[in-house]
Structure formats: structure tokens, C-alpha cells
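Residue numbers (the working numbering), protein chains in the order written: chain A, 1 to 386; chain B, 387 to 572.
Here's the structure we're looking at; comments come further down.
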Amino acid sequence: MRIGIVCPYSWDVPGGVQFHIRDLAEHLIEVGHHVSVLAPADDDTPLPPYAVSAGRAVPVPYNGSVARLNFGFLSAARVRRWLHDGRFDVIHIHEPASPSLGLLACWAAQGPIVATFHTSNPRSRAMVAAYPILQPALEKISARIAVSEYARRTLVEHLGGDAVVIPNGVDVGFFAAAEPNPEWQGGTIGFIGRIDEPRKGLPTLMKALPKILAERPDTRLLVAGRGDQREAVEDLPERMRDRVEFLGMVSDQDKARLLRSVDLYAAPNTGGESFGIILVEAMSAGAPVLASDLDAFRQVLDHGAAGELFPVEDADALAASAVRLLGDQERLAGLRSLGSRHVRRFDWSAVGAEILSVYETVTAGAASVAADERTGFRARFGLARE
Amino acid sequence: MPPVTTIIWVAAAIVAIGLYLSWTAGRLDRLHARIDAARAALDAQLLRRASVAQELATSGVLDPAASMVLFQSAHAARQAEDEQREVAESELSQALRAVFAEPDTVTALREVPGGPQTVGELTQSVRRVPMARRFHNDSVRAARALRRHRAVRWFRLAGHAPFPASFEMDDEPPVLLTADGAAGHR
Chain A
1 MRIGIVCPYS WDVPGGVQFH IRDLAEHLIE VGHHVSVLAP ADDDTPLPPY AVSAGRAVPV
61 PYNGSVARLN FGFLSAARVR RWLHDGRFDV IHIHEPASPS LGLLACWAAQ GPIVATFHTS
121 NPRSRAMVAA YPILQPALEK ISARIAVSEY ARRTLVEHLG GDAVVIPNGV DVGFFAAAEP
181 NPEWQGGTIG FIGRIDEPRK GLPTLMKALP KILAERPDTR LLVAGRGDQR EAVEDLPERM
241 RDRVEFLGMV SDQDKARLLR SVDLYAAPNT GGESFGIILV EAMSAGAPVL ASDLDAFRQV
301 LDHGAAGELF PVEDADALAA SAVRLLGDQE RLAGLRSLGS RHVRRFDWSA VGAEILSVYE
361 TVTAGAASVA ADERTGFRAR FGLARE
Chain B
387 MPPVTTIIWV AAAIVAIGLY LSWTAGRLDR LHARIDAARA ALDAQLLRRA SVAQELATSG
447 VLDPAASMVL FQSAHAARQA EDEQREVAES ELSQALRAVF AEPDTVTALR EVPGGPQTVG
507 ELTQSVRRVP MARRFHNDSV RAARALRRHR AVRWFRLAGH APFPASFEMD DEPPVLLTAD
567 GAAGHR
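As C-alpha cells, this is what we get:
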């Protein structure tokens, strides 16, 4: 099958959606399909052989943060050329409802279009205003995929229609096979995420730490992620600061090793998550998970069967659960084995097959993808079909 | 005699309205084509599911009672007229759930030659039917929303195309043939 994938965000900036697209493309190539990824990238960024640059993305303030987006005639022309040269059986657009390359591709293409909705943003005013413009483009999508039941619900509320739920994929084998690092073992709690992004929840964990240390003074907290380290430990009493180790940005390999090593993985996020891939990665590496009770997390953890949940932003509850778990080796071992069994459905072999099922369902009985050449006036005034 | 500028404005307005109507008609046409493709895909998946079920029923692997139930409902689903189709297909879903309620049935089926392939095909088709149905009903919803538009109704842009109908059925797969069931949950 010839598959075209459109990446909405800059290829050179690391991010969940970009990693998802990279892994999906590589998985599909591995099982013998032809894949081309169209992504915004500077012309001098090194791209993998399957990726095509759609030109430089322009940083624009959008929806409360700075988004790097593609628009304008040059990008539109590149999208058309890519569609024309690719002769795809199906194109797969990511995040079509944000003002991005995905939306451009949706405008410019016709034929079987699959779209994945990753985020579950609350309805923005821009989206309400653009709705009449957005709707004709979104109408062309033959199949919608949401990454979680939560994302699907937001999609249905905001845009109407329906979607199938297919979770994000993880290379389970990669995490399961990582070598534990002895330096990171022995009463350790792991945290991975941007330090200066409050929604990742590090402040909650810092508030809980003194209570955890009071009960179990040997505990160490390992933090991997970008951000200001001094600011992060500011509220912690001086003598406890050496119990926190900052590892900075870590490579994929080190991330896997960290997750293999820790006794407990904490995910105290306060919101803004539509899936929670990090929990799946932690469970793949056999780390017991203690996560805040967000809709998305609850679903990934099978309603608390595959990992423990605590009320969002409740530092006391987090501390109590952590102390109880760290002292209960049997429960930790139970969570490890439950987790590794549970994550099999998130492995690329399972997720890739689901996505291919969608491709095959929409291509059955449809023509291939082409650039949308607007039909002539006579044909249009002949009005719709008889 | 109105001034020339007024005539130009009126002409421009008429052209703009014409362009809008033409564009909307194009949108509607595309939506109808999408419904046709989605309906064809749904038909294909339903037929595939009924065929696998019928194959299973005649294979002699299942006990006679299960074979009869499955054969009857698969046959009815394949032969159903359009009006009875939704009911017949729902009954096939129920029959599949009843036959595959016990883990032993799946294990026994996997042990016979060619069994694992059949289980694979059935697992795939009970997953793809709800998928295809969701895509079909989503396209129907989009077309209905546009057809309720005033411009579409007043200018009869939909022509003689019938008002699209969604396909409603019970498409719940047997738990043992889903990711949750296969992992031993629930």
C-alpha cells in the first residue's frame, strides 16, 4: 500500500506527535508498505529517507503558547506537489483541526483521508470562529482516529461525528530489554518530563517528598527533563535537596534504562494529557506506576488495575501511596507483572495492525488520493448526483 | 435608470452567490461520494464476517448446537433484504457472542489445522465491522448537517439524492476476540 503521512509540527523539534509519526512510519515500512512523511522542516535539517520537507515552519502565538506552523502559498504548493508525486492509496493526517500542515493537506487532497486527533484541547475561540471554514475541510476525512476514549469524547463534543479509538504505540521490546543502571536502583522514584512545565506536576511531587522522606529516609527522586533545577527544589528544606538528582535531558536509551531501574514511576500530571505514553513506556520497562487520576491516565492504567492512581494535585495522597508501595515489595512485583501483560496491546505490532485495518477499510471501494482539482462550473451547476 | 456602480455591485453579488452555491454543491457531491465508498466498505466487512462465521459453522469443529445457531444467523445475515439487514446483522453479532462466550471454544478452535488463521480472520472482521460502521455513520452525519443548510434546501442542491440514512446495529464483538479479552482482562 502507498501511504502518505502528514506531520503537523516541525520535524526538528522533539514532541510526542513527531515521535508517534516517526515510529508509525518505520513500523509500516518494516511490514512492507511504501511510506512518505510530509513534515515542516528547515531545508538544511537532515531528514530520514522517507520524509519530505514542506518548508520552514513559522513561530506564531496560538492558543496560549507558541506554535510553529506552516501556511501560505509556498507550503500549499509543496503539499500539492507531494500529493501529486506520491500517488498514495491513502493519506494519514495528524491534528487536522489546528492551523497546521494537516489542515492544508486536508484542503488540498481528495480521496481516502484518515485523520488522527491527538490533543483534547478545550474548545478555543479561534476554532469556534473558524468552524464554518474548518468544516468543509474536515468533511473530507473518511476515517477519524482518536488516541483515547477521552480524546474521542472531546472530538465528538467539539466537531460532532464519531471516531474509532486506537491508542498510541510503544516499542515494548525496546523498553523491556534495556539494561538497568545500578546507580539508579535502591529505593528510587522516577519522574520524566519538563521541570518548568507545571502541568507535568513536579511541584506536587516536591510537596509530597518531605512526607515520603520522613517515613523512608533512604528514598531518592530521579528527575529527567529540561528546566531550571534550582527553582524546582526551592521549596524543599535545605537538608532534603540532596535526595533529588537531576539527570537533565536523557537519550531514549537512558530513558529506558531509568525506567528499568526505578522502584516506582510517579506521574503527578495535573492536566493537558490526552493519552499518557510515558505510563505505557514505564510499564513496558516493568516499572510500577503511581499516577494522578486524570481521565487519560485512568484509561491507560485500565481503571487502576495496571497501576495505582491518586487524586490530582493531592500531595498527601501521593506521599501516602508512595510510602505504602515502597514498603510493599509483593505489591510492587504484582504491579510489574500486571503492567507488562497490560502493555502488549500498545505494542506497535498490535497498534500498527489496527491502523492498517483503518487504511484497508477506507480504501475498500474508494479511488486513490489525488490533488483536489476543483470540478468545472458546468459540472457543478449540473448540481449533485441524480 | 440606476447608476452604473449599482449595476456592478449587483452583478458582483450575483457572481459571489453563484460561486458559493457551486462550491456548496461540490461539497455535497463529495460527501455523497464518501457515503457511497463508506457504505461499500461496510458491506464488504459485513459479508466477510458472515462468510467466516458460515465457514466456522460448517467446519465441524464446533458442537452441533453452536454450529446450527451460527449457520442460521450467518445465512440470514447474508440473505437479508435491505430493510431487515440491520436486525439480521445484529443477530449474527449476538450469535457470535454466545458461541465465543467460553475460552474453551477459542482454545479448541486454535488447536485444529487452520484454526489459528480462522480465529485471526474472525478477530479481524469483528473489529472491522464496528470500524466501518462508525466511518459510514460519520459521513452520513456530515452530509445530513450540510443538507439541513438553508442554501442547500432552497436551491435544491442535493438534487434527487435520497436523504442519507445511518446504519444502526449491535456490533459488539465477543469479548474473547478483543484486545482486552485476549490479554485476560475482565
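C-beta atoms are modelled at their ideal positions from N, C-alpha and C, and glycine is treated no differently.
Status (buried if at least 16 other CB within 10 Å, exposed otherwise) for residue i
i      : result
A/E30  : exposed
A/E238 : exposed
A/Y150 : buried
B/F549 : exposed
A/D196 : exposed
A/G304 : exposed
A/S337 : exposed
A/D347 : buried
A/P48  : exposed
A/R260 : buried
B/L433 : exposed
A/F377 : Because A/F377 carries a pLDDT of 44, less than 50, the predicted location of this residue cannot be relied on, and the following value inherits that uncertainty. Classification for A/F377: exposed.
A/S251 : exposed
A/I192 : buried
A/H84  : exposed
Beta carbon proximity, residue i to chain B, threshold 8 Å
i      : result
A/G161 : yes
A/E139 : yes
A/S349 : no
A/T204 : no
A/T219 : no
A/V289 : no
A/R331 : no
A/T361 : yes
A/P132 : no
Helix, strand or coil at residue i [DSSP, three-state]
i      : result
A/R87  : coil
A/Q185 : coil
A/F310 : strand
B/E558 : coil
A/D316 : helix
A/I166 : coil
B/P502 : helix
A/L195 : Going by the sequence as given, residue 195 of chain A is Ile instead of Leu. Residue state, collapsed to three classes: coil.
A/L222 : strand
A/P59  : strand
A/I141 : coil
A/A105 : helix
A/A178 : coil
A/V52  : strand
A/H342 : helix
A/G190 : strand
A/G376 : Reliability of the predicted coordinates at A/G376 is poor, the pLDDT of 45 falling under 50, and no value is obtained from them.
B/H546 : coil
A/L383 : Low local confidence applies: a pLDDT of 42 at A/L383 is under 50, so the model's placement there is unreliable, and no value is given.
8 Å Cβ cutoff, residue i in contact with chain A
i      : result
B/Q503 : no
B/R536 : no
B/A440 : Residue identity check: residue 440 of chain B is Gln in the sequence provided, not Ala. Chain A contact via Cβ: absent.
B/L456 : no
B/A528 : yes
B/A452 : no
B/M555 : no
B/R513 : yes
For residue i, the first and last residue of its enclosing beta strand (DSSP E)
i      : result
A/G4   : R2 to V6
A/A39  : H34 to A39
A/A115 : I113 to F117
A/Y150 : Here A/Y150 belongs to no beta strand (DSSP E); instead the alpha helix (DSSP H) covers E149 to L159.
A/V264 : Just to set this straight, residue 264 of chain A is Leu in the shown sequence, not Val. Looking at the DSSP string, the run of the beta strand (DSSP E) that includes A/L264 is L264 to A267.
A/L290 : V289 to S292
Residue-level contact to chain E via CB, residue i, 8 Å cutoff
i      : result
B/Q465 : The question asks about chain E, but that chain is absent: this structure's protein chains are A and B.
Residue i - containing alpha helix (DSSP H), residue span
i      : result
A/V358 : W348 to T363
A/G248 : Looking at the DSSP string, A/G248 is not in any alpha helix (DSSP H); the run it does join, the beta strand (DSSP E), is V244 to G248.
B/L334 : The requested residue 334 of chain B does not occur in the structure, where chain B is confined to residues 387 to 572.
B/L456 : P450 to Q465
B/W409 : V390 to T444
A/G16  : G16 to E30
Does the region 153-168 of chain A touch the region 179-193 of chain A, meaning 3 or more C-beta pairs lie closer than 8 Å? Too few Cβ pairs lie closer than 8 Å, so no.
May I ask you to verify whether the region 539-549 of chain B touches the region 483-500 of chain B, counting CB pairs closer than 8 Å and requiring at least 3? They do not touch, by the three-pair rule.
Determine contact between the region 298-310 of chain A and the region 214-222 of chain A, defined as no fewer than three beta-carbon pairs at a distance below 8 Å. Between the region 298-310 of chain A and the region 214-222 of chain A, the count of Cβ pairs shorter than 8 Å is below three; the stretches do not touch.
Indicate whether the contact test is met: 3 or more Cβ pairs, each with one atom in the region 172-179 of chain A and one in the region 277-290 of chain A, closer than 8 Å. Between the region 172-179 of chain A and the region 277-290 of chain A, the count of C-beta pairs closer than 8 Å reaches three or more; the two stretches touch.
Check whether the region 390-406 of chain B and the region 28-47 of chain A are in contact - that is, three or more C-beta pairs closer than 8 Å. For the pair of segments examined, the region 390-406 of chain B was found not to touch the region 28-47 of chain A: the number of CB pairs separated by less than 8 Å stays below three.
I'd like to know if the region 554-561 of chain B and the region 511-518 of chain B are in contact, where contact means that at least 3 CB-CB pairs between them fall below 8 Å. Between the region 554-561 of chain B and the region 511-518 of chain B there are three or more inter-stretch CB-CB distances shorter than 8 Å, so the stretches are counted as touching.
Would you be able to state if there are at least three C-beta pairs under 8 Å between the region 137-152 of chain A and the region 103-118 of chain A? A contact exists between the region 103-118 of chain A and the region 137-152 of chain A.
How do the region 92-106 of chain A and the region 133-145 of chain A stand: do at least 3 beta-carbon pairs fall below 8 Å, yes or no? Contact holds between the region 92-106 of chain A and the region 133-145 of chain A, because three or more Cβ pairs, one in each stretch, are under 8 Å apart.
Check whether the region 264-277 of chain A touches the region 201-208 of chain A, taking contact to mean three or more Cβ pairs, one atom from each stretch, closer than 8 Å. Enough Cβ pairs lie closer than 8 Å, so yes.
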